[in-house]
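Novice: Residue numbers (the working numbering): 124 to 422.
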């Protein structure tokens, strides 16, 4: 799913329109994220017409409290939405709302096809349905949303593997906690990855370091779902896939800086950074100095 805005079906206009008419302060559309759309908004007091959600949609309140009158599947309720409160709307839910004060929110839209796929691969049940939530407080979801927002603000410095990991973690969490699944039978099977498979995955990462590595593709090498792969890879190696990739990129960059005459920009591209500035920011964050100063210190 590649879309420009988070949209829903306006039941009065009989067409798909952006959930929020105002342009977002930050949007993942700039980076063409797959299966997940994120928008950060500062909204004035306003009204949202009756709409039907087209994908799994989450609204996370990260600003001051405000009062809203919210109609969800025909039931009207006044809510005092506080910082950290979350609304969870699966695909196909009809709702409308009026809010009476300025608000700051993060909107997340997750491809329902991916939700179904994760439910089948991870929980062995493609009939699980996420239950609508008008107002819940859940720090786990807030932390994931804020991590995605920080990733956008950094220019997606951590890359697609990190984004995919957060997306899959969010989906599994929602399916586990906010669904019709019987929690008493929550016995997720542990998939054992043989060490030979781990080594195969490492070889793939090392051989394709200059590429935009994708968690789903890497998980295919181990022939398991991205969520289980990420969790079990960390069990076997001590690092998440994202941490391993960043660590290996830094180590390779150090080696190239100290032992070759390649330019900084050539090294940046060779380890998978999209630009010299992104490489410099990443290197300084992890090593504590710039690539140029590191190279000079090794001469």
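Glycine included, C-beta positions come from ideal geometry on N, C-alpha and C.
Quick caveat, the model's predicted, so the values are computed rather than measured.
1) Residue 327 to residue 341, Cα distance in whole Å?
2) Assuming residue 230 and residue 164 are in contact, meaning their beta carbons sit under 8 Å apart, how far apart are those beta carbons, in whole angstroms?
3) Measure the alpha-carbon distance for residue 195 versus residue 303 and round it to whole angstroms.
4) Counting only runs that start and end within the region 189-264, where is the beta strand (DSSP E) found for 3 or more residues in a row?
5) What three-state label does DSSP hand residue 381 in the structure shown?
6) Whose CA, out of 127, 412 and 251, lies closest to the CA of residue 154?
7) Does DSSP put residue 143 in a helix, in a strand, or in coil?
8) In whole angstroms, what is the alpha-carbon distance linking residue 199 and residue 338?
9) Report yes if the CB atom of residue 365 is closer than 9 Å to the CB atom of residue 288, and no otherwise.
10) Taking DSSP's pairing of strands, which residues face residue 339 in a bridge?
11) Which word fits residue 136, buried or exposed, when buried means at least 16 other C-beta atoms lie within 10 angstroms of its C-beta?
12) On the premise that residue 130 lies in contact with residue 275, defined as a C-beta separation below 8 Å, what is that separation, rounded to the nearest angstrom?
13) Is there at least one Cβ from chain C nearer than 9 Å to residue 392's Cβ?
14) Quick check on residue 168: does DSSP put it in helix, strand or coil?
15) Shortest alpha-carbon distance to residue 208 belongs to which of 282, 192 and 184?
16) When you compare each of 132, 279 and 322 to residue 218 by their alpha carbons, which one comes out closest?
Specialist: In this structure, then:
1) 8 Å
2) 7 Å
3) 18 Å
4) 189-195, 198-204, 208-212, 217-222, 226-233 and 256-260
5) helix
6) 127
7) coil
8) 41 Å
9) yes
10) BP columns for residue 339 are empty, so no partner.
11) exposed
12) With 8 Å as the limit, residue 275 and residue 130 do not qualify as a contact, their Cβ atoms being about 19 Å apart.
13) Protein chains in the displayed structure number just one, and chain C is not present.
14) coil
15) 184
16) 132
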